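Single-structure report; data block below.
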Amino acid sequence: PREKVEEKTVAKQEVPESARAIEHYLRARLSELSGNYQQATYEMRKALLYDSSCLLHTELGRYYAMQGMWKRAVEQADRALDACGEFVPALLLKGMLLVSGNERQKAVEYFSRAVERDPKNIEAAIRLAQVYLDLGKKDAARKVLERMTRDNPASAEGFRRLGDLAFESGDEAAAERYYRRVLQLAPSDTRTIEVLAGLLERQGRYREAIAVFEDALVYSPENPSYMAYMGGLYLKAGDRESADAYFDQLRAMDPRNARLVAYEYSRLNMHKKAIAELVNLLENNPKMHSERLLLAIILEERKQWNKALEQLDRIPGTSRVYINALVNRGWCLLSMKRYAEAADVLEKALEAAARDEDRGRAWRYLA
Numbered sequence: 024p025r026e027k028v029e030e031k032t033v034a035k036q037e038v039p040e041s042a043r044a045i046e047h048y049l050r051a052r053l054s055e056l057s058g059n060y061q062q063a064t065y066e067m068r069k070a071l072l073y074d075s076s077c078l079l080h081t082e083l084g085r086y087y088a089m090q091g092m093w094k095r096a097v098e099q100a101d102r103a104l105d106a107c108g109e110f111v112p113a114l115l116l117k118g119m120l121l122v123s124g125n126e127r128q129k130a131v132e133y134f135s136r137a138v139e140r141d142p143k144n145i146e147a148a149i150r151l152a153q154v155y156l157d158l159g160k161k162d163a164a165r166k167v168l169e170r171m172t173r174d175n176p177a178s179a180e181g182f183r184r185l186g187d188l189a190f191e192s193g194d195e196a197a198a199e200r201y202y203r204r205v206l207q208l209a210p211s212d213t214r215t216i217e218v219l220a221g222l223l224e225r226q227g228r229y230r231e232a233i234a235v236f237e238d239a240l241v242y243s244p245e246n247p248s249y250m251a252y253m254g255g256l257y258l259k260a261g262d263r264e265s266a267d268a269y270f271d272q273l274r275a276m277d278p279r280n281a282r283l284v285a286y287e288y289s290r291l292n293m294h295k296k297a298i299a300e301l302v303n304l305l306e307n308n309p310k311m312h313s314e315r316l317l318l319a320i321i322l323e324e325r326k327q328w329n330k331a332l333e334q335l336d337r338i339p340g341t342s343r344v345y346i347n348a349l350v351n352r353g354w355c356l357l358s359m360k361r362y363a364e365a366a367d368v369l370e371k372a373l374e375a376a377a378r379d380e381d382r383g384r385a386w387r388y389l390a
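First residue of the sequence shown: 24, per the numbering used here; consecutive thereafter.
Given below as structure tokens:
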């Protein structure tokens with residue numbers, strides 16, 4: 024059995040100075056990286072025998088939290104704060120523990136103190152803004168993020184979150200400004216590229232959306248998702264020749280990229296072309312079950328129930344989309360007024376479904 028380790032009274036210093044303490048601290052971090060939090064906790068407690076600094080107490084509290092030992096985690100955070108006052112890592116830990124305990128209003132105090140102590144601490148600002156959003160205080164969250172961008176002008180994260188906030192509030196002009204700023208700082212940010220392009224597409228600014236992807240391809244050449252999206256945008260802009268060029272290039276890169284072409288046709292309600300693309304793809308790749316499910320869904324939308332059922336029947340029980348296939352089969356049978364068969368299939372789906380989303384759909388159709 025390991026020796027019992029008792030921590031000393033907390034020293035009024037933020038970081039450890041003892042070589043032995045630092046050695047055990049590093050061992051704790053290595054154990055953490057390997058996923059052994061129990062060993063990491065032991066090593067951190069050993070470190071505290073040699074140097075009872077605020078950082079070590081905070082890290083020990085973090086390890087306790089990782090293992091669900093909330094009371095012990097709070098004790099360590101409080102020890103560090105009592106000794107070192109506005110110690111930012113301890114303030115963040117205490118705030119996160121309060122959020123975990125659903126005490127968000129109290130967490131605001133600790134995250135606010137962390138931001139005041141270290142205005143350039145991005146994590147502190149993000150956590151404070153998120154708590155405000157959780158509390159429904161969008162204006163307060165916006166102010167925190169605006170300050171964050173002033174204090175950290177080279178960081179894209181604050182601008183990205185401001186863009187999301189503006190987008191959710193319906194201010195698309197502001198969202199566009201923020202997203203374009205993100206791409207100046209982080210040109211390869213996939214999520215922002217797709218969100219900005221989607222925003223421009225919805226406004227009918229297809230050429231500008233295409234330009235966003237053209238810039239993105241500089242940093243991610245021959246990105247299949249970007250190229251497929253560009254093909255769809257060219258179709259919406261009325262440039263069929265350019266669209267076909269991108270789609271042909273995708274198929275030449277990998278015949279299986281035809282599924283991306285099919286997704287674009289489906290997204291644009293060009294169902295006949297999507298069906299043809301998927302049928303050709305599945306002839307050579309019969310085990311692409313996600314694509315077969317998409318084909319069935321498109322056939323359902325066109326009320327071609329029997330053809331949809333034929334495709335769904337070919338998805339085996341070992342496929343990761345099997346539950347979806349069962350639910351869709353139930354929907355087809357329901358639409359065909361084959362109620363008893365639909366009920367049997369949906370009950371089978373409910374028994375096998377693990378995800379709440381799948382269970383919810385099955386319950387609705389069964390009801």
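Don't be surprised by glycine CBs; every beta carbon is placed ideally from N, CA and C. Note that this is a predicted model, so its numbers are computed, not measured.
From what residue to what residue does the alpha helix (DSSP H) around residue 378 run? In the sequence shown, residue 378 corresponds to position 355, counting from 1. Segment: none, residue 378 is in no alpha helix (DSSP H) and carries neither H nor E.
Whole angstroms are fine: how far does the CA of residue 264 sit from the CA of residue 167? The count along the sequence shown starts at 1 and reaches residue 167 at position 144. The count along the sequence shown starts at 1 and reaches residue 264 at position 241. Distance between the alpha carbons of residue 167 and residue 264: 47 angstroms.
Boundaries (first-last residue) of the alpha helix (DSSP H) holding residue 277: Within the sequence shown, numbered from 1, the residue matching residue 277 stands at position 254. Per DSSP, residue 277 belongs to no alpha helix (DSSP H) and is neither H nor E.
For the segment 221–228 against the segment 237–249, do three or more pairs of beta-carbon atoms, one drawn from each stretch, fall closer than 8 angstroms, so that the two count as touching? no
Is residue 103 closer than 7 angstroms to residue 80 when the C-beta atoms are compared? On the sequence shown, residue 80 is found 57 positions in, with the first residue counted as 1. On the sequence shown, residue 103 is found 80 positions in, with the first residue counted as 1. Yes, Cβ-Cβ distance for residue 80 and residue 103 is below 7 angstroms.
Local Cβ density within 10 Å of residue 297, reported as buried at 16 or more and exposed below that: In the sequence shown, the residue the question calls residue 297 occupies position 274. The residue in question, residue 297, is buried, as its Cβ has 16 or more Cβ neighbours within 10 Å.
With a Cβ-Cβ cutoff of 7 angstroms, do residue 338 and residue 289 count as a contact? The count along the sequence shown starts at 1 and reaches residue 338 at position 315. The count along the sequence shown starts at 1 and reaches residue 289 at position 266. No, the pair does not count as a contact, with Cβ atoms beyond the cut-off.
Taking DSSP as the reference, what is the three-state secondary structure of residue 243? Along the sequence shown, read from residue 1 onward, the residue named residue 243 stands at position 220. Residue 243: coil per DSSP, three-state reduction.
Assuming the contact rule is C-beta atoms closer than 8 angstroms, residue 355 and residue 328 should be a hit. Round their C-beta distance to whole Å, please. Position 332 of the sequence shown, counting from 1, holds the residue named residue 355. Position 305 of the sequence shown, counting from 1, holds the residue named residue 328. Residue 355 to residue 328, Cβ: 5 angstroms. Contact.
Collapsed DSSP secondary structure at residue 303 in the structure displayed: Sequence index remark: in the sequence shown, residue 303 carries index 280 (1-based). It is helical.
What runs of the alpha helix (DSSP H), each 4 residues or longer, lie entirely inside the segment 107–173? 111–123, 127–140 and 145–157
Could you pull out every residue in the same chain whose Cβ sits closer than 7 angstroms to the Cβ of residue 95, ignoring the five residues on either side in sequence? Here residue 95 corresponds to residue number 72 of the sequence shown, with the count starting at 1. So the qualifying residues of the chain are 87.
C-alpha gap between residue 76 and residue 286, whole angstroms: Position 53 of the sequence shown, counting from 1, holds the residue named residue 76. Position 263 of the sequence shown, counting from 1, holds the residue named residue 286. So the two alpha carbons sit approximately 56 angstroms from each other.
Determine contact between the segment 127–140 and the segment 55–74, defined as no fewer than three beta-carbon pairs at a distance below 8 angstroms. no
Run the CB neighbour count on residue 253, radius 10 Å, all protein chains shown included, and call it buried at 16 or more, exposed below. Reading the sequence shown from its first residue, position 230 is the one you call residue 253. Per the 10 Å Cβ criterion, buried.
Assuming residue 304 and residue 325 are in contact, meaning their beta carbons sit under 8 angstroms apart, how far apart are those beta carbons, in whole angstroms? Start at 1 with the first residue of the sequence shown, and residue 304 comes out as number 281. Start at 1 with the first residue of the sequence shown, and residue 325 comes out as number 302. With a Cβ gap of about 18 angstroms, residue 304 and residue 325 do not count as contacting.
Under 7 angstroms, do residue 369 and residue 347 count as touching if we go by C-beta distance? For the purposes of this step, residue 369 is identified with residue 346 of the sequence shown, where counting begins at 1. For the purposes of this step, residue 347 is identified with residue 324 of the sequence shown, where counting begins at 1. Cβ atoms of residue 369 and residue 347: not closer than 7 angstroms.
By the 10 Å Cβ neighbour count, where 16 or more other Cβ atoms means buried, how is residue 212 classified, buried or exposed? Sequence index remark: in the sequence shown, residue 212 carries index 189 (1-based). The residue is buried, with at least 16 neighbouring Cβ atoms inside 10 Å.
Neighbourhood of residue 330 by C-beta, 7 angstroms cutoff - its chain only, sequence neighbours within 5 removed: Indexing the sequence shown from 1 puts residue 330 at position 307. The answer, listed in chain order, is 322.
Residue 78 - containing alpha helix (DSSP H), residue span: Here residue 78 refers to the residue found at position 55 of the sequence shown. Its alpha helix (DSSP H) spans residues 77–89.
If we ignore side chains and look at the alpha-carbon of each, how far apart do residue 57 and residue 70 end up? As a working mapping, residue 57 is identified with position 34 in the sequence shown. As a working mapping, residue 70 is identified with position 47 in the sequence shown. In a straight line, the C-alpha of residue 57 is about 19 angstroms away from that of residue 70.
Is it right to say residue 202 is buried, meaning 16 or more other beta carbons lie within 10 angstroms of its own, or is it exposed? In the sequence shown, the residue the question calls residue 202 occupies position 179. Residue 202 is buried by the Cβ-count criterion.
With DSSP as the reference, label residue 371 as helix, strand or coil. The residue given as residue 371 occupies position 348 in the sequence shown. Here residue 371 sits in helix by DSSP.
Since residue 317 is in the alpha helix (DSSP H), which residue starts that stretch and which ends it? Walking along the sequence shown from the start, residue 317 turns up at place 294. Note, residue 317: alpha helix (DSSP H), 312–324.
In three-state DSSP terms, what is residue 390? What you label residue 390 is simply residue 367 of the sequence shown in a count that begins at 1. Residue 390: coil per DSSP, three-state reduction.
Anyone know if the C-beta pair for residue 150 and residue 116 falls short of 7 angstroms? As a position in the sequence shown, residue 150 is number 127, starting the count at 1. As a position in the sequence shown, residue 116 is number 93, starting the count at 1. Contact flag unset, no.
What is the DSSP secondary structure of residue 59, reduced to helix, strand or coil? Residue mapping note: residue 59 aligns to position 36 of the sequence shown, counting from 1. In the structure shown, residue 59 sits in coil (DSSP, three-state: anything other than H, G, I, E or B).
Just to confirm, is the Cβ distance from residue 121 to residue 129 under 7 angstroms? Counted from its first residue, the sequence shown places residue 121 at position 98. Counted from its first residue, the sequence shown places residue 129 at position 106. Going by C-beta atoms, residue 121 is nearer than 7 angstroms to residue 129.
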